[in-house]
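Peer 1:
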Ligand code: AMP
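Numbering (the numbering used here), first residue to last: 9 to 194.
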């Protein structure tokens, strides 16, 4: 089962992706985590990505599309994935659709987690106190939200127009949000 988790930074995609991953025994693929691993390993990609990520910018589409192609064709993802953090642009969404078609994969559902903007700011600032991510400073958070609105929000319309998206209220206790997602997958 292939599921795409969509939503702004700090909406709780990572937390929910882990829950769905355990429930359905399919890997949680977070492009943000994959990039942070490249940074940790100090690869060429990691070095390039770090500068962009620390400033709150997106990593170029061609790099991200290549990364996801590798994931989709990997053995451990043959039974499905919970995709978190991709696609983030309409170009990535179009490329993903092409790859899925080529690999005969059908997306079960795009689950769009939705909370108010104040909530997002609050959650990201709280996360900065516990996770110490380089891109969770107040200034970078604002930049990431702005980039989300400009480049990523249109992806939602893309999936709506294809009848693939279910909007999920992301407010409230984690377990309640998970239940809403499971209901949407019925
Ligand atoms: P995340 O952990 O999903 O919040 O991602 C952290 C950062 O990684 C983002 O702010 C981007 O700089 C980069 N990133 C992750 N996924 C993508 C993607 N699909 N396209 C472009 N940049 C990405």
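Glycine included, each C-beta is placed from N, C-alpha and C at the ideal position.
In this text, all values refer to a predicted model and were calculated from it rather than measured experimentally.
Would the beta-carbon of residue 67 be found less than 7 Å away from any heavy atom of the ligand AMP?
Peer 2: Reading the chain shown from its first residue, position 59 is the one you call residue 67. Because some heavy atom of the ligand AMP lies under 7 Å away, the Cβ of residue 67 counts as near it: yes.
Peer 1: Would you tell me roughly how many angstroms separate the C-alpha atoms of residue 190 and residue 85, rounded to the nearest one?
Peer 2: Counted from its first residue, the chain shown places residue 190 at position 182. Counted from its first residue, the chain shown places residue 85 at position 77. So the two alpha carbons sit approximately 20 Å from each other.
Peer 1: Does the beta-carbon of residue 60, which I'm using as the reference point, lie nearer than 7 Å to any heavy atom of the ligand AMP?
Peer 2: Taking the first residue of the chain shown as 1, we reach residue 60 at position 52. Checking the Cβ of residue 60 against the ligand AMP gives yes.
Peer 1: Could you check whether the stretch 53-65 touches the stretch 147-162, counting it as contact only if at least three pairs of C-beta atoms, one from each stretch, sit closer than 8 Å?
Peer 2: Touching, yes, given that three or more Cβ pairs across the two stretches are closer than 8 Å.
Peer 1: Which parts of the stretch 31-93 are runs of the beta strand (DSSP E), unbroken and 3 residues or longer, counting only runs that do not cross its ends?
Peer 2: Segments of the beta strand (DSSP E) lying fully in the stretch 31-93: 36-38 and 89-92.
Peer 1: Between the Cα of residue 123 and the Cα atoms of 185, 48 and 142, which residue gives the shortest distance?
Peer 2: Taking the first residue of the chain shown as 1, we reach residue 123 at position 115. For residue 123, the nearest C-alpha among the options comes from 185.
Peer 1: Any idea what DSSP makes of residue 123, helix, strand or coil?
Peer 2: The residue you call residue 123 lines up with position 115 of the chain shown. Residue state, collapsed to three classes: coil.
Peer 1: For residue 153, which of helix, strand or coil comes out of DSSP?
Peer 2: Residue mapping note: residue 153 aligns to position 145 of the chain shown, counting from 1. In the structure shown, residue 153 sits in a helix (DSSP, three-state: H, G or I).
Peer 1: Tell me the DSSP secondary structure of residue 115 in three-state form.
Peer 2: For the purposes of this step, residue 115 is taken as residue 107 along the chain shown, with counting starting at 1. Strand.
Peer 1: Rounding to the nearest angstrom, what Cα-Cα distance links residue 36 and residue 80 in this structure?
Peer 2: Along the chain shown, read from residue 1 onward, the residue named residue 36 stands at position 28. Along the chain shown, read from residue 1 onward, the residue named residue 80 stands at position 72. For residue 36 and residue 80, the distance between alpha carbons rounds to 12 Å.
Peer 1: Given a cut-off of 8 Å, decide if residue 178 and residue 59 are closer than it, judged by their beta-carbon atoms.
Peer 2: To locate residue 59, count along the chain shown from 1; it is residue 51. To locate residue 178, count along the chain shown from 1; it is residue 170. No; because the gap between Cβ atoms is not below 8 Å, this pair is not in contact.
Peer 1: Nearest to residue 111 by alpha carbon, out of 117, 49, 88 and 144?
Peer 2: Indexing the chain shown from 1 puts residue 111 at position 103. Of the candidates 117, 49, 88 and 144, the one whose C-alpha sits nearest the C-alpha of residue 111 is 88.
Peer 1: For the stretch 50-57 and the stretch 131-140, state whether three or more C-beta atom pairs, one from each stretch, are separated by less than 8 Å.
Peer 2: Not touching, per the Cβ criterion.
Peer 1: Which residue marks the beginning of the alpha helix (DSSP H) containing residue 169, and which one marks its end?
Peer 2: Mapped onto the chain shown, residue 169 falls at position 161. Taken as a continuous stretch (DSSP letters only), the alpha helix (DSSP H) holding residue 169 covers 161-169.
Peer 1: Considering only C-alpha positions, which residue in the set 193, 192 and 175 is nearest to residue 16?
Peer 2: Numbered from its first residue, the chain shown carries residue 16 at position 8. Residue 16 has its Cα closest to that of 175, out of 193, 192 and 175.
Peer 1: Determine the DSSP secondary structure at residue 142, reduced to helix, strand or coil.
Peer 2: Position 134 of the chain shown, counted from the start, is the residue given in the question as residue 142. Coil.
Peer 1: Quick check on the DSSP output: the alpha helix (DSSP H) that includes residue 106 runs from which residue to which?
Peer 2: Taking the chain shown and counting its residues from 1, the one referred to as residue 106 is at position 98. From DSSP, the alpha helix (DSSP H) with residue 106 extends over 98-110.
Peer 1: Measuring straight from C-alpha to C-alpha, what distance separates residue 99 and residue 154?
Peer 2: Locating residue 99 in the chain shown gives position 91, counting from the first residue. Locating residue 154 in the chain shown gives position 146, counting from the first residue. The alpha-carbon atoms of residue 99 and residue 154 are separated by roughly 18 Å.
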